[in-house]
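Peer 1: Quick one: this structure, given as structure tokens, is what I'll be asking you about.
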Ligand code: URA
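In the numbering used here, the protein residues as written are 12 to 446.
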């Protein structure tokens, strides 16, 4: 059957449902360059306004997942596990969840990304550990997962080229925030990465893509439905991103914070979110209740088993584990400055996105693709939403090797923090779990 893009655009514009053949034609043709950007853009805008049925989104996701290389994790049966975060500030949960799940029998074969905009990336964080290699060959990647249960590498090969091209086009045509397009983008990458069990950490709040619990839940329900429709076990955790997660924002600072949790610093928002994410994965991998999995997860952290697993993992990828045993070995930033509160009261809001942007200014992220990262740069948060502060109290500490970045970052942080007279009502850390 031969298709014409014109007909697909018109059909979707008028609220029709695309057939599997039409969707396949679009993804194949757009990926190989035979369908031009202007027609793809028009279809994306029609999808933005008209949406997609569940069947259309399943088909789109599957076609995108098969547009390039796929990872075969079938040798791990139903034990393979992966997590995805929709992106946050200070989100270092992978560094905790991956070794915990491996210590409890899961096979964490994870491909992670670099920082994007104001949000950090796991690959950049791991590269702050001297020697850590993020580019294992496929055989070494799978061999390591087989042997120790966990490997985390950068995205390699030609995974989901359709998503790469589509995402770039959506970015410049105001079609990013469409539920079927976000769902197919995220889930196609997860499907191509091969894991049987997937936990999605869907962030909600000022630092997240989804600003309200309702929007996040709608996205989560769609992603879980589509993942299941494609034959995987998927659960989504809706977690708060109104404030950065934990106290550290920046690469080596976040590794240090994660290591401290695995060494037993078992309280606070980062610990709790990591426990919930790991518990959902362990529950799926082992087929046990989430409450039982949660007891095991807390136990694996308390006993040190998860920290030992992290050391095994980092060493296996060439990282110097002396830095994990003694985090004071991480190079310190040359310039350290406390940001002092100009007023007294309670912190009523913290704009996580602005904190992320301030950390990028300090060198912890990239303003453009070519920028290099200052692994020691970032922000240590001293006071969070709900805390009482007096004039002159340190709200946070800025760290950088570029002194000229300090004034701009300080201004950004001060504009991120709202101070009021009464303590605000605390929002939940976890809004819910979709399964
Ligand atoms: N993250 C993705 O990978 N894709 C989207 O469309 C949005 C967020």
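Backbone N, C-alpha and C fix where the C-beta goes; we use that ideal spot for every residue, glycine too. A quick note: this is a predicted structure, and the numbers were derived from the prediction, not measured.
#1: Excluding five sequence neighbours on each side, which residues of the same chain lie with their C-beta closer than 7 Å to the C-beta of residue 305?
#2: Comparing alpha-carbon positions, which option in 333, 375, 401 and 361 lies nearest residue 354?
#3: For residue 334, tell me which candidate among 142, 244 and 383 has the shortest Cα-Cα distance.
#4: For residue 105, which residues from the same chain have a beta carbon less than 8 Å from its beta carbon, with the 5 sequence-adjacent residues on both sides left out?
#5: Assign residue 82 to one of three DSSP states: helix, strand, or coil.
#6: If residue 338 and residue 260 are in contact, beta carbons under 8 Å, what's the gap, nearest whole angstrom?
#7: Would residue 10 be called buried (16 or more neighbouring beta carbons within 10 Å of its own) or exposed?
#8: What residue range is occupied by the uninterrupted beta strand (DSSP E) comprising residue 246?
#9: What ranges does the beta strand (DSSP E) occupy inside the stretch 373-423, keeping only unbroken runs of at least 3 residues that lie completely in it?
#10: Select from 377, 372, 358 and 416 the residue whose C-alpha is nearest the C-alpha of residue 405.
#11: Would you kindly work out how many angstroms separate the C-alpha atoms of residue 326 and residue 332, rounded to a whole number?
#12: Considering only the alpha carbon of each residue, which of 55, 240, 152 and 115 lies closest to residue 23?
#13: Per DSSP, what kind of secondary structure is residue 366 in: helix, strand or coil?
#14: Across the stretch 276-285 and the stretch 406-413, are there enough close Cβ pairs to call them in contact, namely three or more that are closer than 8 Å?
#15: Straight-line CA distance for residue 80 to residue 204?
#16: Applying the 10 Å Cβ sphere with the 16-neighbour rule, what's the burial state of residue 181?
#17: Compute the distance between the beta-carbons of residue 202 and residue 231, then report whether it is under 8 Å.
#18: In the DSSP assignment, the alpha helix (DSSP H) including residue 130 goes from what residue to what residue?
Peer 2: For this structure:
#1: A distance below 7 Å between beta-carbons, with the five flanking residues on each side excluded, links residue 305 to the following residues of its chain, in chain order: 286 and 290.
#2: The shortest C-alpha separation from residue 354 is found at 401.
#3: If we check each option's Cα against that of residue 334, 142 comes out closest.
#4: Scanning its chain for C-beta atoms nearer than 8 Å, with the 5 sequence neighbours on each side dropped, one finds around residue 105 the residues 94, 96, 121, 123, 133 and 163, in chain order.
#5: Looking at residue 82 - three-state DSSP - the assignment turns out to be coil, as it is neither helix nor strand.
#6: In fact, because the Cβ distance is near 16 Å, the residues do not count as touching under 8 Å.
#7: Nothing about residue 10 can be reported from this structure: the residues present for the chain run from 12 to 446 only.
#8: Boundaries of the beta strand (DSSP E) harbouring residue 246: 244-251, taken from the DSSP string.
#9: Within the stretch 373-423, the runs of beta strand (DSSP E) that reach at least 3 residues and sit entirely inside it are, in chain order, 389-392 and 405-411.
#10: When only C-alpha atoms are compared, the closest one is 358.
#11: Roughly 6 Å separates the two Cα atoms.
#12: The shortest CA-to-CA distance from residue 23 to any of 55, 240, 152 and 115 is the one to 55.
#13: Of the three classes helix, strand and coil, the one that applies to residue 366 here is helix, per DSSP.
#14: Counting C-beta pairs with one atom in each stretch, the stretch 276-285 and the stretch 406-413 have fewer than three that are closer than 8 Å, which means they do not touch.
#15: Their Cα atoms are separated by approximately 9 Å.
#16: Buried: at least 16 other Cβ atoms inside 10 Å.
#17: Cβ distance not < 8 Å, so residue 202 and residue 231 don't count as in contact.
#18: Residue 130 -> no alpha helix (DSSP H), and no H or E assigned at all.
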